[in-house]
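I have placed the structure first, in the form of C-alpha cells, so that the comments after it can refer back to it.
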Amino acid sequence: MLDLSLPGMVGALVGGVIGWVDFKMFGGLIGAKWMKMRSEKGLANHPNTKKYGDWIQFGVFCGTQLLFPFIGYWAGASLAG
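Following this line, the structure appears as C-alpha cells:
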C-alpha cells in the first residue's frame with residue numbers, strides 16, 4: 002500500500018497553490034507574447050492563432066499543476082518526515 006505522509010500532502014497543497022499562481026502569471030506573459038508576435042505578422046485574426054494559443058495555455062497549465070505539487074510533496078515529505 003502507498004503510504005502518504007501528512008507533511009508531504011501539505012507540501013503538495015502549497016505546491017499546487019504556488020503552481021496556480023505561477024500558471025496565471027507565466028501563462029499571461031506567454032499568451033501576451035504569442036498574441037503580440039502574431040499581431041506583428043498580421044495574423045491576429047487567423048483561426049489558428051486562438052487555437053494554438055489555447056494549446057500553449059494548456060501546456061503551461063499541465064506543467065505547473067503537475068510539477069509544482071510533486072515538488073511540494075517531495076519537499077514536505079523529505080524535510081518533515
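The opening position of the sequence shown corresponds to residue 2 in this note's numbering, with each subsequent residue numbered one higher.
Beta carbons are placed, not taken as given, at the ideal position from N, Cα and C, and that holds for glycine.
Here the structure is a predicted model, which is why all the values come from computation and not from measurement.
Length of the line joining the Cα atoms of residue i and residue j
i: K51; j: D4; result: 43 Å
i: M38; j: S79; result: 43 Å
i: L67; j: K34; result: 24 Å
i: K42; j: M36; result: 10 Å
i: F27; j: I57; result: 11 Å
Exposed unless 16 or more other CB atoms sit within 10 angstroms - verdict on residue i
i: V61; result: buried
i: G16; result: buried
i: A45; result: exposed
Residue i and residue j closer than 8 Å at C-beta
i: I19; j: F59; result: no
Continuous alpha helix (DSSP H) stretch holding residue i: start and end
i: D55; result: 48 to 81
Three-state class that DSSP yields for residue i in the structure shown
i: D4; result: coil
i: G17; result: helix
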